[in-house]
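*Asks:* Below: one structure in structure tokens.
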Amino acid sequence: MSSFHKKSDSQYSIKGTKLKNNLPYISSGIPSLDHIIGGGLPSGAIFAVEEDLLGSYSRVLTKYYLAEGVTSEHALFIASADEDPHIIVNELPQPCTDLPKEVAPKEGNVEMKIAWRYEGLGQVESSFGSNSLFGHNFDLSKNMDKETVQNRNITYCFLNEDEYGNKDKVKGFKNYMFFKLLTEIKDLVSKEEFHTSGKNKNILRISIQSLGSPIWLAADCDENINSDYGQDLIKFLYTLRLILRDTLAVAFITVPSHLFDDEHLMPRLLYSIDNAVRIESFAGSSRETNPVYSDYHGLFHVTKLSAIYSLVPYVPPSLDLAFKLRRKKFVIEKLHLPPELQESSEREQDDITAVPKSVGCGGFKKKDIDF
Amino acid sequence: MATDIISALELDKENIHSRILVVKEINNCSSSFITSCVLGHLIKKKSAVLIISTHNSIKHYQNVGLKMNYNLNRCIDDGLVQFYNFGEEYVDKLLKNEYISVEQIYQNITDKIEYMRKKYNVVNVIFDGVSHLLDMYYNIKEINLICSKIIELIREYNSLLICHFNVASEHDLTHVLANFLSHKAFMVVEVENLASGWSSDVSGHLTIKYPGKKFDNEHMHSLEIKPAQYLFKLFDRGVKLLAPGTV
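So, in structure tokens, the structure goes:
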């Protein structure tokens, strides 16, 4: 037997992680999302989600991320200025224990053969990460046991407006909330268990909800001159990037970029962010009723992918992505047009004059039509 | 695999001294591959380098370097390379409610260069993530001052300076900052992600402009020198430059 052992296996034996480019990766709680961003969220990096207009789907993504952390026994840090972070923890979905059973072929059923001319073609994979063993699926209809959640190492940080009165305490930020959050994160990250070289290593999952919402940027709007709008936010994200770098902490932040007053702000923030995606929900838009998108709940855009500890950034399998939310799954798929639109007649009157069965030979009656 | 980049940047020529290279990152493209390639080249030539970093960590360059056949940590131990993690210093001070003045930044950089010059005649400087100084709330005037002073040092010691700027968008302050320094540059390198998204065949566009050659004899009678345009493809162990239209 060879005396050589792969060093990496023993070095990163943290539950719920896998190693890529000498860096531990964790699951976002959505296998298809992990697949399109290159295998998961790298440790020591910031992952940002640009929220949908109503913020409902980005909230679901946060729940999955935290639920995956609870399932993998990672430490959690949950911060929010808009609502008490205890609320979202009470809503975490339960992991699905039963795996989808494979359908057994019926007896006497001859296996189908592919025509020879299509045999050489690669298999079309429109739904990503379905075969992945990394990460879990969660059932949104059931909440996680309170006991399981309580047993985990969770730190809450509810930043309310009272902090705003402390703005003169710090030089670096106009809004004290940014400073407070940074110091709390720094204190937590400096613990030995979140160092790459420490003993009893564990992952720290940081979640910041709606970073940059009006509560965060209130101080920027006070000023008459709007030249440094969002400066605190830019500085915060850059500082967060440096605090997390080369540690075992991962930040998952949701940003309501559609609320920003300045269109230059998001591109500036993206420089400090490592990986970013944007959710475009159909809810409330004209696309909701468009038959082309009838199978989906919204579009999913990959905005930025970084190469950490490597030269080559991951190239996603497709850039036309759409998502749908099922009870037990959040699926991101390659956007396909439906094979055929719903049956429609060429001329409108054809439909109207068609004789309904109940009407008999009496012909068409106006009252039978439901508008 | 780094030879394409080195020859495109004309670093393989004999007289590369007192040169300023400005690298602009457009459309969220990362230019860290240029730093890694140049580092490999300078280490091979036993030429000393000071890396001032605000964006990427030393571990990133170390991991990439190992794949590209050089050990950065060993070079740091030997004193050939020095890594000044300015970003970390800034954050430490910020969280202690302190502030680093422009003079202090410049002094720190000068001290490090002077220290290296005791052993090496030529000390090259790579400044990674100059645009982050804007994030730290230094204004354009202050950043320009820092860069100008580093340029003075470089000219004095006949070295090479590479500055990396991120351009967030065309009408942004980051673009203005990058353009300021481009006027002083010998060569401006623009790296840009594909506008249509990602591709497995090509990683992005690379355009090289030559403001420093404007007054060369051969270009004296042309209004503007034609920029060199390439496509680049990143690999685990290096970069390949391709002519446009060949992929």
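The listed protein sequences derive, respectively, from chains H and X.
Per the UniProt record's numbering, the very first residue in the first sequence carries number 1; after that it's consecutive.
Per the UniProt record's numbering, the very first residue in the second sequence carries number 1; after that it's consecutive.
Glycine residues also receive a C-beta, built at the ideal position from the N, C-alpha and C atoms.
(1) Would Tyr70(X) and Val122(X) be called neighbours here (beta carbons separated by less than 9 Å)?
(2) What does DSSP give as the partner residues of Pro95(H) in its beta bridges?
(3) Can you give the Cα-Cα distance for Val22(X) and Pro211(X), rounded to whole angstroms?
(4) Between the alpha carbons of Val38(X) and Ser32(X), how many angstroms are there, rounded?
(5) Is DSSP giving Tyr90(X) helix, strand or coil here?
(6) Among Leu299(H), Asn90(H) and Leu240(H), which residue has its Cα nearest to the Cα of Ala283(H)?
(7) Less than 8 Å between C-beta atoms, sequence neighbours within five positions excluded: which residues of the same chain meet that for Ile26(X)?
(8) Would you please verify whether the beta carbon of Val64(X) is less than 9 Å from any beta carbon of chain H?
(9) Roughly how far, in whole angstroms, is the beta-carbon of Asp320(H) from the beta-carbon of Leu305(H), given that I think they are within contact range, below 8 Å?
(10) Could you tell me the alpha carbon to alpha carbon distance between Phe260(H) and Leu269(H), rounded to whole angstroms?
(11) How is the alpha helix (DSSP H) around Tyr106(X) delimited, first residue to last?
(12) Chain X beta carbons: is any one of them nearer than 9 Å to that of Thr155(H)?
(13) So Leu182(H) contacts chain X; which residues on that side make the cut at Cβ distance below 7 Å?
(14) Out of curiosity, what's the CA-to-CA distance linking Ala48(H) and Arg205(H)?
(15) Return the first residue and the last residue of the alpha helix (DSSP H) that Arg237(X) is part of.
(16) Can you list, in chain order, the residues of the stretch 227-248 of chain H whose Cβ is nearer than 7 Å to any Cβ on chain X?
(17) Considering only heavy atoms of the ligand ZN, does any lie closer than 8 Å to the CB of Tyr230(X)?
(18) What are the uninterrupted segments assigned as beta strand (DSSP E) that are 3 or more residues long and contained completely in the stretch 47-71 of chain X, given in chain order?
(19) Mark Ser101(X) as exposed unless 16 or more other C-beta atoms lie within 10 angstroms of its C-beta, in which case mark it buried.
(20) Among His264(H), Glu280(H), Gly39(H) and Ser207(H), which one has its Cα closest to the Cα of Ile154(H)?
(21) Please report whether the beta-carbon of Pro313(H) lies at a distance below 9 Å from any beta-carbon of chain X.
(22) Which class does Ile203(H) belong to by DSSP, given the choice of helix, strand or coil?
(23) Which residues bound the alpha helix (DSSP H) around Pro24(H)?
(24) Out of Ser58(H), Gly40(H) and Ile26(H), which has the shortest C-alpha to C-alpha gap to Glu280(H)?
(25) Would you report the Cα separation of Ser7(X) and Gln107(X), rounded to the nearest angstrom?
(26) Thinking Val91(X) and Ile51(X) are a contact (beta carbons under 8 Å), I'd like their distance in whole angstroms, please.
(27) Go through its chain and collect everything with a Cβ distance to Gly40(H)'s Cβ below 6 Å, but skip five positions before and after it.
(28) Roughly how many angstroms separate the alpha carbons of Leu311(H) and Ile34(X), rounded to a whole number?
(29) Would you grab the beta carbon distance between Val189(H) and Ile243(H) for me? Rounded to a whole angstrom, and I think it's under 8 Å.
(30) Residues of chain X with a CB under 9 Å from the CB of Pro42(H): which are they?
(31) Which residues does DSSP list as the beta-bridge partners of Tyr156(H)?
(32) At the level of alpha carbons, what is the spacing between Val64(X) and Arg287(H)?
(33) Gly40(X) bridges to which residues according to DSSP?
*Replies:* In terms of the structure at hand:
(1) What you label residue 70(X) is simply residue 70 of the second sequence in a count that begins at 1. What you label residue 122(X) is simply residue 122 of the second sequence in a count that begins at 1. Taking 9 Å as the cut-off, the Cβ atoms of Tyr70(X) and Val122(X) do not count as close.
(2) Position 95 of the first sequence, counting from 1, holds the residue named residue 95(H). In DSSP, Pro95(H) forms a bridge with Phe138(H).
(3) Here residue 22(X) is taken as the residue at index 22 of the second sequence, counted from 1. Here residue 211(X) is taken as the residue at index 211 of the second sequence, counted from 1. If I take the Cα positions, the gap works out to 11 Å.
(4) Position 38 of the second sequence, counting from 1, holds the residue named residue 38(X). Position 32 of the second sequence, counting from 1, holds the residue named residue 32(X). Val38(X) and Ser32(X) have their C-alpha atoms some 10 Å from each other.
(5) Mapped onto the second sequence, residue 90(X) falls at position 90. DSSP places Tyr90(X) in helix when its eight states are reduced to three.
(6) The residue you call residue 283(H) lines up with position 283 of the first sequence. Selected option, being the one with the closest Cα: Leu299(H).
(7) On the second sequence, position 26 is the one that residue 26(X) refers to. The beta carbon of Ile26(X) is closer than 8 Å to those of Val167, Glu190, Val191, Glu192 and Asn193 in its chain, skipping five residues each way along the sequence.
(8) Counting from one through the second sequence, the residue named residue 64(X) turns up at place 64. It does; some Cβ of chain H falls within 9 Å.
(9) Here residue 320(H) refers to the residue found at position 320 of the first sequence. Here residue 305(H) refers to the residue found at position 305 of the first sequence. About 16 Å separates the Cβ atoms of Asp320(H) and Leu305(H), ruling out a contact at the 8 Å cut-off.
(10) Reading the first sequence from its first residue, position 260 is the one you call residue 260(H). Reading the first sequence from its first residue, position 269 is the one you call residue 269(H). About 12 Å.
(11) Numbered from 1 along the second sequence, position 106 holds the residue referred to as residue 106(X). Note, Tyr106(X): alpha helix (DSSP H), Val102 to Arg117.
(12) Along the first sequence, read from residue 1 onward, the residue named residue 155(H) stands at position 155. It does not; no Cβ of chain X falls within 9 Å.
(13) To locate residue 182(H), count along the first sequence from 1; it is residue 182. Neighbours of Leu182(H) on chain X, chain order: Leu95.
(14) As a working note, residue 48(H) is residue 48 in the first sequence. As a working note, residue 205(H) is residue 205 in the first sequence. Their backbone Cα atoms lie some 13 Å apart in a straight line.
(15) Counting from 1 along the second sequence, the entry for residue 237(X) is found at position 237. First-last for Arg237(X): undefined, no H or E at that position.
(16) The stretch 227-248 of chain H vs chain X, Cβ under 7 Å: Gln231, Ile234, Lys235, Tyr238, Thr239, Leu242, Ile243, Arg245 and Asp246.
(17) This structure does not include the ligand ZN; it has no bound ligands of any sort.
(18) If we require 3 residues or more, the beta strand (DSSP E) runs fully inside the stretch 47-71 of chain X come out as 48-53.
(19) Reading the second sequence from its first residue, position 101 is the one you call residue 101(X). Of the other Cβ atoms in all chains shown, fewer than 16 fall within 10 Å of the Cβ of Ser101(X); this residue is therefore exposed.
(20) The residue given as residue 154(H) occupies position 154 in the first sequence. When only C-alpha atoms are compared, the closest one is Ser207(H).
(21) What you label residue 313(H) is simply residue 313 of the first sequence in a count that begins at 1. The C-beta of Pro313(H) comes closer than 9 Å to at least one C-beta of chain X.
(22) Here residue 203(H) refers to the residue found at position 203 of the first sequence. Residue state, collapsed to three classes: coil.
(23) Locating residue 24(H) in the first sequence gives position 24, counting from the first residue. Run containing Pro24(H): none in the alpha helix (DSSP H); it sits in the beta strand (DSSP E), Leu23 to Ile26.
(24) Residue 280(H) sits at position 280 when you count from the first residue of the first sequence. Scanning Ser58(H), Gly40(H) and Ile26(H) for the CA closest to the CA of Glu280(H) turns up Ser58(H).
(25) Along the second sequence, read from residue 1 onward, the residue named residue 7(X) stands at position 7. Along the second sequence, read from residue 1 onward, the residue named residue 107(X) stands at position 107. Roughly 33 Å separates the two Cα atoms.
(26) By 1-based counting over the second sequence, the position of residue 91(X) is 91. By 1-based counting over the second sequence, the position of residue 51(X) is 51. With 8 Å as the limit, Val91(X) and Ile51(X) do not qualify as a contact, their Cβ atoms being about 18 Å apart.
(27) Start at 1 with the first residue of the first sequence, and residue 40(H) comes out as number 40. The residues Tyr25, Ile26, Ser27 and Asp34, in chain order, have a CB closer than 6 Å to that of Gly40(H) in the same chain once the five nearest residues on each side in sequence are set aside.
(28) Mapped onto the first sequence, residue 311(H) falls at position 311. Mapped onto the second sequence, residue 34(X) falls at position 34. About 10 Å.
(29) The residue you call residue 189(H) lines up with position 189 of the first sequence. The residue you call residue 243(H) lines up with position 243 of the first sequence. Indeed, because the Cβ distance is near 6 Å, the residues count as touching under 8 Å.
(30) Taking the first residue of the first sequence as position 1, residue 42(H) is located at position 42. Scanning chain X for C-beta atoms nearer than 9 Å to the C-beta of Pro42(H) yields nothing, as the closest lies near 11 Å away.
(31) Counting from 1 along the first sequence, the entry for residue 156(H) is found at position 156. Tyr156(H) is bridged to Ile78(H).
(32) As a working mapping, residue 64(X) is identified with position 64 in the second sequence. As a working mapping, residue 287(H) is identified with position 287 in the first sequence. Cα-Cα distance, rounded: 44 Å.
(33) In the second sequence, residue 40(X) corresponds to position 40, counting from 1. The partner list for Gly40(X) (beta bridge, DSSP) is empty, contrary to what the question assumes.
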